[in-house]
Structures are given as structure tokens and as C-alpha cells.
Amino acid sequence: MFFLKCKQFFKSPVLVLATVLYFTWIIKKLLPGMIPEEGSVADAMTFPLVFIPVSFVFFMFFSYALFSREGKSKVNEVILTCRNGKVRSCFCDLCLILFINAFILLLFILFLGLQCDKALGSVQMDVLWFGIRCYLIHIILVNIFASLTGMAVSLIKNEIKAFAVMILLCCCFSQFFLESFYRLTGDHLDLQHMMDLFGLTTRMYHATADYDYIFSVESVDLQRILFWIFLVLTILAYHLLQRKKRFFASCCGAVTVLLLVLYMLPNGASYINIDMNAENISDAYDEEDRYYTTHTEQTGSLEHHESEEDFKITKYVADIHVNRILKADVEVYVDKPELETYMFSLRHEYRVTSVEDERGEQLNYRQEGDWITLQPEDAGKHSKFVFHYQGASKKFYSTSQAVRLPAYLAYLPFSGKRYLFLDFVQKYGEQDVSQVLYDGPLLEGPGYKTEYDITVDSSLKLYSNLPEIESNHFHGISDGVTLMANTFLNAEEISGVRVVHSKADPRYFLHNAETDDDMRKMWRSFIVENDLQGKTIFALGVVHGLDDNYRYFGEDHLVLMAPCTDQYQTFLKTGKHPYYEELTEEEILKDLEPLNNITE
Amino acid sequence: MIEIKHLCKNFGRKKVLKNINCELSEGIYGLLGPNGSGKTTLLRCLTNLYPLTSGEIWINGISSKRGSKLRIGYLPQFFGLYKELTVKDSMRLFCNLKKVKGSDEKEIIEECLEAVNMSQYQDVSGRKLSGGMIRRVGIAQALIHEPKLVLFDEPTAGLDPEERMHFKKVISQLGKKETVLISTHIVEDIEASCDRVIVMNHGEICCVLSCKELVGIAEGKVYACKKGDEQQIPGKYFIEKQYEEDGEIYYRILTNEACEVLTPVSPVLEDGYMCVIKEI
């Protein structure tokens with residue numbers, strides 16, 4: 258029957274013409290990328306998203322035309338009298354649509370393969386598989402939803418009404434509708450999140466992608482797309498099935514409700530807010546800025562505060578579970594059991610649920626911002642505390658898709674009360690007005706060597722500066738632990754140094770280098786000049802579309818964006834991170850000299 | 027054997043079928059009734075196209091609620107073909123839908139098309155066929171899977187006299203082994219081929235009779251009278267049709283009241299049917 262349906266399709270001039278035009282448009286758009294001068298895996302992943310709105314409209318109308326033929330030709334009544342005739346007939350038409358989608362997918366894979374070949378020197382299967390997954394979820398599933406919608410609309414017998422419904426649906430799923438709604442709702446994030454259900458065709462293809470973590474809201478996206486698919490399936494099951502239609506419609510309806518509930522869960526909301534709005538692509542950064550600016554407004558500048566550290570941690574034994582949020586059970590061994598008060602620093606996004614002592618007894622604790630205060634009743638008897646906490650940092654993510662936990666981030670409790678952020682005083686001219694502003698996280702880890710035993714429960718392969726004793730289980734002594742994972746992460750040996758980097762990052766190693774070899778030369782010279790043999794370098798590129806200038810210089814590893822000999826040498830000489838390039842008055846005047854000459 | 031028990035079908039508040047009770051065994055049945063009497067609805071209920079409001083249809087001892095596997099051939103009142111497909115391809119599609127074995131497909135298609143005199147149009151696309159030709163393909167598709175129950179809804183509408191004769195031959199062959207139900211308002215079709223006639227009116231079965239019995243109902247009730255003389259008939263009468271004879275206009279009248287202006291006429295099936303419908 259499928260071949261007869263295909264034959265029927267090829268003899269329908271309007272459908273064939275529409276399909277030819279659609280494919281011509283896709284090929285025309287993809288063609289320049291298929292013969293690339295420069296390749297970019299990340300761009301290849303995100304570029305096909307531009308096709309979503311047009312594909313959505315095309316498949317809805319195409320499917321409507323395909324499925325409404327039966328009604329028009331009056332064959333419908335005979336088909337309905339055949340056992341499961343309507344379902345089988347519709348299934349064959351759907352197969353035709355799936356076949357067209359498979360062809361589109363093939364084009365995208367070809368495009369990705371050619372880009373991948375150019376960017377990485379060869380076509381890599383893991384990149385291709387990831388690409389296929391992304392295309393399937395973000396493009397093909399949306400096309401299937403559009404096709405099912407067209408099929409459902411074909412149940413409306415009046416053509417004018419059917420077209421009106423389809424146009425209305427196209428409007429509801431358009432960028433214009435969502436933007437208008439966002440403007441109307443203002444700050445009501447819950448309402449906006451609810452309306453994000455309609456954001457299937459408005460994936461932010463124009464926003465710079467997160468190269469480590471492309472499609473970071475995959476699970477939420479999947480729930481959203483499947484919600485719509487099952488909603489339409491419920492309608493179709495009720496109208497198309499002849500037997501047990503109530504049962505199947507109820508099943509589909511139940512799945513629809515379940516998916517809606519999952520979508521509306523708070524975690525889903527926060528993820529989608531990061532990713533779905535162009536303005537919020539840097540939301541993670543802004544949120545941190547807002548949090549710490551408020552903090553400094555309340556506490557004053559860091560200049561007036563000193564970190565307090567009365568004890569050190571001798572050992573960490575951590576079980577970290579990584580999924581939609583991070584959940585950790587961390588045993589902390591302290592060197593001074595006699596203290597009455599212990600202060601720890603843990604990033605404020607991780608909420609402590611309980612703290613126990615070595616006997617498993619619950620301890621009272623107070624968590625305020627980045628600080629946790631423990632005042633055990635039987636002071637002087639505790640050498641170990643067990644922290645249970647969970648949470649998600651938007652900027653330093655740790656999900657089932659990617660992990661980015663650098664050593665300078667307090668994802669494990671650091672000893673003492675520490676200011677985990679930098680601030681600076683902004684002075685305005687000669688007036689005596691100043692403002693304390695947040696200036697990024699403190700790029701220092703615990704600051705002393707400690708034994709770590711860390712197990713990460715994740716399907717991802719984790720990379721760390723610590724030796725891996727078994728899969729995702731790290732053990733060793735270090736002054737800080739970095740944990741990184743994502744689909745594209747790869748470790749490469751350059752001049753005796755293990756360099757961990759993302760294959761998908763087009764700017765990986767690209768600073769001041771035109772070719773791959775140039776880049777490796779630059780790194781080689783950086784490694785040799787700074788005598789880095791035996792260390793690990795996490796060469797991380799762009800996150801959330803913003804240049805991440807945060808570097809970490811640990812004893813056994815470095816977290817960098819690009820080779821930075823000057824800063825590293827300054828760190829080695831001073832023992833401090835060169836946060837700002839502090840210029841003397843003479844240097845400023847020297848910089849301004851050419852400008853002054855022109856003015857004269 | 028098909029048993030229809032207390033079948034009711036409502037569309038909203040409108041009661042279209044009211045307590046239908048009937049038994050159909052092998053043979054050809056004519057379903058007669060005026061427009062809106064519920065003929066098409068009854069056929070659609072038999073094909074499971076419409077869910078029943080109440081009552082049951084038993085096919086060979088199995089309730090239709092439990093899903094009878096009886097092969098039903100059905101020609102709807104408004105049948106069409108895919109314009110893009112040829113007659114042969116359309117028939118292949120129907121074979122597929124009706125689960126005809128692939129190996130038998132070619133032979134059966136040829137047989138069925140031959141039966142309706144459409145063999146020479148096998149490669150003609152649906153858009154080039156006339157209404158009558160489409161109707162013939164419709165008859166062929168209803169027979170393609172050797173059905174045990176065949177339901178024809180207005181099968182001869184749009185067929186020329188020659189094709190009507192051809193159709194009557196086909197169904198008379200079919201009626202020897204299977205149950206055939208022909209819904210029509212063309213009484214001549216029934217007269218020539220049906221064993222029994224079911225007369226429906228206002229959603230109810232008025233009677234199930236043989237053709238002879240139905241004709242018998244009109245015995246002594248059919249008269250001819252000159253135009254204008256009908257006003258002298260003392261009781262209730264119904265003018266069936268008007269015709270011209272020897273330059274004079276006559277009416278064919280159904281009535282129970284004989285009088286001198288009326289000339290008795292031999293009844294035909296249509297007279298019996300009209301007597302039932304008009305309750306004369």
C-alpha cells in the first residue's frame with residue numbers, strides 16, 4: 258500500500274511542486290556549508306534550526322493536503338469499513354512523511370559530516386550521533402508534530418475552517434506570538450514558561466550557542482515536543498480508531514498530562530528560561546551578577562572583609578550524583594576537632610539538606626549565602642562531617658548532558674568563611690560617589706593540598722585532574738579538583754601534557770592561530786616555556802556565548818581558554834591570580850599618547 | 027445469518043432508526059423506502075461505520091460489539107476514487123485494505139473488473155472516469171474480497187440501462203451463495219432481482235415480504251382514472267403517476283374506495299410499496 262501511496266503522491270502536481278520547492282530551499286541554504294572553507298561542528302549543529310519555522314508550516318499544510326484527499330475523493334467510507342482500514346491508510350501516508358523527513362535528516366547529516374571533516378580533520382562518529390540526536394529532537398519531531406496536526410485538521414470537513422485553524426496554529430507557534438506574550442507578561446516567569454510550550458519553532462538559532470553544551474535544555478524540549486505530539490495523538494485516536502478508541506485516547510491523554518507535569522516542574526522551568534529567550538542567553542551570568550551585587554550592597558566591599566579560616570580539610574570523600582541537578586553526599590575530615598564553630602563555604606545554589614557527624618547524628622547548621630556555620634553541641638569531638646546537599650548552578654552546570662565544575666568553584670565545601678566572589682569599587686569622576694560592583698568569581702580553590710576520593714554517578718565520561726582509579730571514580734592529592742564532561746570533550750597529549758578540550762568549540766585553540774598546526778605550536782611553546790609537563794590543562798572555550806576569562810592555576814592542572822604565559826608567570830611570581838591588569842599612571846599616559854598626538 | 031435486534035440509532039435528539047428487528051439469510055434483499063427513511067443509516071450500522079445507540083447486530087451468532095470478522099462488501103451511496111490512481115491501482119489499494127492475498131490479487135482484480143465490464147479501463151486514471159464508470163468500479167471493489175455480506179447503497183444510480191442489466195446479472199449470481207442487501211428507491215431494480223423486500227419508513231421497518239407478497243398488498247387498490255374525475259372518489263386516495271393514453275391524461279390511483287370513475291388496473295411492485303408507505 259505504501260508504494261501505491263507514493264505513486265499517488267508523485268501524481269499529485271501540487272504536492273510534488275511544494276516538496277520540490279521546499280527541498281530546493283533547504284539545499285540552497287545548506288550548499289555553501291557543504292563546501293566549506295572553514296568548518297564548525299557547533300555551527301553545523303545549530304544552523305539547521307533555521308529551517309524549523311518553514312518546515313513546520315510546510316509539513317502542516319502538506320499533511321493536511323495528503324490526508325484530506327480521502328475525504329475529497331469519497332473513498333473514505335469504504336476505507337472505514339475495512340478492518341483498521343483508516344489507521345492503515347493513515348499510517349502509510351505518515352510513512353511517506355517520515356520518508357521525506359528521513360531524506361531531510363540525511364541532508365543534515367551530510368552537511369554535518371562535511372563540516373566535521375573540515376573542522377576536525379575527519380568525520381567522527383560521536384559527533385555524527387550527537388548531531389543525529391539533536392536533529393531528531395529539535396527538527397524531525399517538530400516536523401512530525403506539524404504533520405500530525407495537519408492530519409488532525411483534515412478531520413475538519415469544511416476547508417475554510419480547516420485553513421483558518423492551520424493559520425491560527427502557525428500564528429500560535431510563531432516567534433511573533435511568543436515575543437508579544439513575553440512583552441505582555443513582563444516579569445511573570447511562570448506564565449512565560451507556560452507559554453514556552455508554544456516555542457517549538459522558535460529555538461534560538463540566532464543566539465550564540467553554548468559550544469560545550471549545545472541544546473542544553475534537551476530533556477525539557479523533548480517533554481514539550483512530546484506533549485504536543487501526544488495531545489494530537491489523543492485527538493486522532495478518538496476520531497480515527499474504530500475499536501477501543503476510548504482506551505487508546507485515554508492512554509495518550511494520560512501521557513500528555515504526565516509530560517505537561519514534567520515540563521512544569523521547577524527544574525524544567527529554570528533550564529528553559531536560560532535557554533529559550535535570547536535575552537536570557539547570558540541570564541546565568543546576569544543572575545550571578547545580581548546576586549553578588551546585592552550581597553556587596555549589604556556587606557560592603559571585599560576590601561573591608563577578610564576570609565576567616567581556622568581549620569583545614571584533610572580529606573574529602575564525595576559521592577556526586579549528576580542529573581537534572583547535582584546531589585552530593587560529602588564526607589569532610591577536619592584537622593582540628595576541638596573547635597566550637599566550624600565555618601564552611603559552599604556555593605549558594607547548593608542547598609544543604611542535612612549535616613551529620615561521624616556517628617551519623619544530625620547536626621544543627623545555618624546556611625547563609627555561600628556560608629555554612631556548624632556549632633556542634635559536643636564540641637571538640639568531631640573530626641568528620643557529612644554534608645548532604647543538592648542544587649543547580651546555571652552558570653556552572655552539572656546535568657546529564659554536561660558537567661562544568663572547575664576547581665575554583667565551591668561545589669565541595671571549602672574550609673572557612675570565604676568570599677567566593679570578587680568586587681571592585683567604581684568611582685565616578687571627582688565626585689565622592691562610588692559603587693561596589695561584582696567582578697566575577699574568586700579564581701582560587703581551597704588553597705592547600707588535600708586528599709580527594711570522588712565518585713561521580715553519571716552516564717557521561719568525566720575528566721578530572723585527579724587520577725581515575727575506575728570509571729568516574731577519582732582519587733588523589735591535589736590543591737583543587739576540576740570535573741568536566743560533555744559529549745565533545747576529548748583529551749589530547751601535547752608535549753607531555755594532557756589537554757582536555759571540546760571538539761565542538763570552533764574557537765578551541767584558535768586565538769592568533771590560523772591552522773590546527775599553528776594552534777598546537779602555540780600550546781607546545783606555552784607548555785615548554787612554562788614547564789608544564791605532567792600537568793593537565795582544561796582548555797575550555799566559550800560558554801553561553803560569552804568569553805569565559807576565568808582561569809585557574811592549580812599545582813597539577815590549569816583551566817584556561819587560551820595560552821596565557823604572561824598571566825601564568827605573574828601568578829608564579831606573586832602567588833596571586835592576576836585578576837586585573839592594574840596599570841600605573843605612567844602606563845595609562847603612555848597608552849593615551851597616540852590619541853593626544855592626533856588631537857594636537 | 028444476520029439478526030438485527032432492537033436496533034436504534036439517534037443523531038443527537040433525532041431518532042433515525044427506531045427499534046429495528048430483522049433477520050437476513052442468504053439471498054438478495056431489497057431495501058426500499060423514501061428519502062430520509064433510514065436506509066443508508068441502517069447500512070452504515072451494519073458496516074460498523076456508525077456505533078449503535080442501542081440494540082445489537084448478530085452476524086453468524088457473533089455480536090457486532092465483539093467485532094465480527096465477517097467479510098462485508100460495501101458500496102456507499104457516494105463513492106469516489108483517488109483521482110491520481112488508475113482503476114487497477116485503486117483496486118490494488120482496496121485489495122490491500124481488505125487483506126486479499128498478494129498472489130490472488132491480479133486474478134481477482136481482473137475477475138471483478140470483468141464482472142462490471144470495466145476491464146478495458148484498467149489503466150485509466152480516476153479523474154478520467156465518468157460517474158457511471160466510478161459506480162461500476164465501486165461495485166467491483168465491494169466484491170473484491172469475496173464478501174459474505176454485500177451491502178449496496180443505490181448501486182444503479184448513474185448506470186445506463188445496459189449496465190443495469192449487467193449489474194442485475196452479477197448480483198443474481200452473488201445472491202445464490204451470499205447475503206446481498208440493496209438499498210434503493212428504484213423499484214424496478216428490486217423487482218428483477220430481489221428475493222425479499224424490506225420496506226422502511228420513518229426509521230422503522232414496515233414489512234419484510236417477497237415481491238409477490240408486496241404486489242399482493244396492492245391487489246384491488248390500483249385504478250386508472252381520467253384527469254378531473256378523481257374528485258369524485260369518496261375516500262382517501264393517492265395519485266401515483268400521470269400518463270397519456272389516446273390523447274387523454276390519466277392518473278394511476280391507489281385507493282380503497284372503488285367507484286364508477288375508477289378502472290381497476292393490475293398491480294405491480296411499486297403499487298405494493300406505495301400502499302405500504304401511504305398506508306392505503
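Chains as they are written, first to last, in the working numbering: chain A, 258 to 857; chain B, 27 to 306.
We put the CB at the ideal spot given by N, CA and C, even for glycine.
For the beta strand (DSSP E) containing histidine 645/A, list its first residue and its last residue.
That run of the beta strand (DSSP E) goes 641-648.
With a cut-off of 8 Å, does the C-beta of serine 527/A fall near any C-beta of chain B?
Only weak support exists for where serine 527/A lies, its pLDDT of 43 falling under 50; the value from the coordinates is given anyway. No, because no Cβ of chain B sits closer than 8 Å to the Cβ of serine 527/A.
Note down, in chain order, every chain B residue with its Cβ under 7 Å from the Cβ of leucine 337/A.
Near leucine 337/A (Cβ distances below 7 Å), the residues of chain B are Leu75.
Can you list the alpha helix (DSSP H) stretches of 4 or more residues lying completely in the region 255-305 of chain B, in chain order?
Counting only runs of 4 or more, we get 295-303.
Quick one: Cα of threonine 465/A to Cα of isoleucine 160/B, how far?
Because the pLDDT of threonine 465/A is 32, which lies under 50, any placement of that residue in the model is unreliable, and the question is left without a value.
Hey, out of Ile46/B, Glu110/B, Leu295/B and Leu119/B, whose CA is closest to phenylalanine 259/A's CA?
Out of Ile46/B, Glu110/B, Leu295/B and Leu119/B, Leu119/B has the C-alpha closest to the C-alpha of phenylalanine 259/A.
From isoleucine 726/A to phenylalanine 368/A, what does the alpha carbon distance come to, in whole angstroms?
Between isoleucine 726/A and phenylalanine 368/A, the C-alpha separation is close to 39 Å.
In chain order, what residues of the same chain have a beta carbon less than 6 Å from the beta carbon of isoleucine 424/A, not counting five sequence neighbours either side?
Cβ neighbours of isoleucine 424/A beyond the five flanking positions: none.
With DSSP run on the structure shown, which of helix, strand or coil describes glycine 201/B?
Glycine 201/B falls in the coil class under three-state DSSP.
Rounded to the nearest angstrom, what separates isoleucine 389/A and threonine 66/B at their Cα positions?
Spanning the two alpha carbons is a distance of roughly 52 Å.
Under the assumption that alanine 168/B contacts leucine 101/B (Cβ atoms under 8 Å), give the Cβ distance between them as a whole number of angstroms.
Right, the Cβ-Cβ distance comes to about 5 Å (below 8 Å), so this counts as a contact.
At a CB-CB cut-off below 7 Å, which residues of chain B make contact with valine 332/A?
The answer, in chain order, is Gly106, Leu107 and Tyr108.
Looking at isoleucine 396/A: is its Cβ nearer than 8 Å to the Cβ of isoleucine 309/A?
Yes; because the gap between Cβ atoms is below 8 Å, this pair is in contact.
Go to arginine 153/B, then tell me how far its alpha helix (DSSP H) extends in each direction, as first and last residue.
That residue, arginine 153/B, is in no alpha helix (DSSP H); it is neither H nor E in DSSP.
In angstroms, rounded to a whole number, what distance separates the CA positions of glutamate 274/B and lysine 252/B?
Roughly 7 Å separates the two Cα atoms.
For proline 594/A, which option in Trp282/A, Ala636/A and Thr513/A has the closest C-alpha, if you only look at C-alpha atoms?
For the residues Trp282/A, Ala636/A and Thr513/A, the minimum Cα distance to proline 594/A belongs to Ala636/A.
Put phenylalanine 795/A into one of helix, strand or coil per three-state DSSP.
Three-state result, phenylalanine 795/A: strand.
Could you spell out where the alpha helix (DSSP H) holding valine 410/A opens and where it closes?
Residues 398-410.
Where does asparagine 787/A fall in DSSP's three states?
Asparagine 787/A falls in the coil class under three-state DSSP.
Run down chain B in chain order and give the residues with a C-beta less than 8 Å from the C-beta of leucine 261/A.
Result: Leu111, Asp115, Arg118, Leu119 and Asn122.
Applying the criterion that 16 or more other CB atoms from any shown protein chain within 10 Å of the CB defines a buried residue, is valine 410/A buried or exposed?
Buried.
Starting from aspartate 813/A, trace the alpha helix (DSSP H) both ways and give me its first and last residue.
Counting along the chain, aspartate 813/A falls outside any alpha helix (DSSP H), and DSSP gives it neither H nor E.
Can you tell me whether tryptophan 386/A is buried or exposed, with buried defined as 16 or more other CB within 10 angstroms of its CB?
When all chains shown are included, tryptophan 386/A counts as exposed.
Please list the partners that tyrosine 147/B has in chain A, where partner means a Cβ-to-Cβ separation under 7 Å.
Those do not exist, as tyrosine 147/B stays about 17 Å from chain A at its closest Cβ, beyond 7 Å.
Over what stretch of residues does the alpha helix (DSSP H) that includes leucine 754/A continue unbroken?
Note on residue identity: the sequence assigns valine, not leucine, to residue 754/A. Element bounds for valine 754/A: not the alpha helix (DSSP H) but the beta strand (DSSP E), 754-759.
Which residues bound the alpha helix (DSSP H) around valine 422/A?
Counting along the chain, the alpha helix (DSSP H) containing valine 422/A begins and ends at 416-429.
Taking the C-alpha atoms as reference points, what is the distance between glutamate 283/B and isoleucine 259/B?
Whole-angstrom Cα-Cα distance: 7 Å.
Hey, out of Ala419/A, Glu812/A and Glu544/A, whose CA is closest to lysine 792/A's CA?
Of Ala419/A, Glu812/A and Glu544/A, the residue nearest in Cα terms is Glu812/A.
Output yes if chain A places a C-beta closer than 8 Å to the C-beta of proline 173/B; else output no.
No, proline 173/B lies away from the interface with chain A (no Cβ there is under 8 Å from its Cβ).
Is isoleucine 98/B close to chain A? Criterion is C-beta to C-beta, closer than 8 Å.
By this cut-off, isoleucine 98/B is an interface position.
Apart from the five residues just before and just after asparagine 580/A, which ones in its own chain have a Cβ nearer than 6 Å to its Cβ?
Counting only Cβ-Cβ distances below 6 Å, and skipping sequence neighbours, we find Ser657.
Please return the same chain residues whose Cβ sits closer than 6 Å to the Cβ of lysine 343/A, not counting the five positions on each side in sequence.
Result list for lysine 343/A: Ile336, Leu337 and Leu497, in chain order.
Return the first residue and the last residue of the beta strand (DSSP E) that glutamine 381/A is part of.
Glutamine 381/A -> no beta strand (DSSP E), and no H or E assigned at all.
Quick one: residues in its chain with C-beta nearer than 6 Å to the C-beta of phenylalanine 671/A, no 5 flanking neighbours on either side, listed in chain order?
Only Ser602 and Pro703 meet the Cβ criterion.
Where do the ends of the alpha helix (DSSP H) carrying leucine 69/B lie?
Element bounds for leucine 69/B: 65-72.
Between threonine 550/A and valine 489/A, which are expected to be in contact by the criterion C-beta below 8 Å, what is the C-beta distance as a whole number of angstroms?
Wrong, their Cβ atoms sit about 46 Å apart, outside the cutoff.
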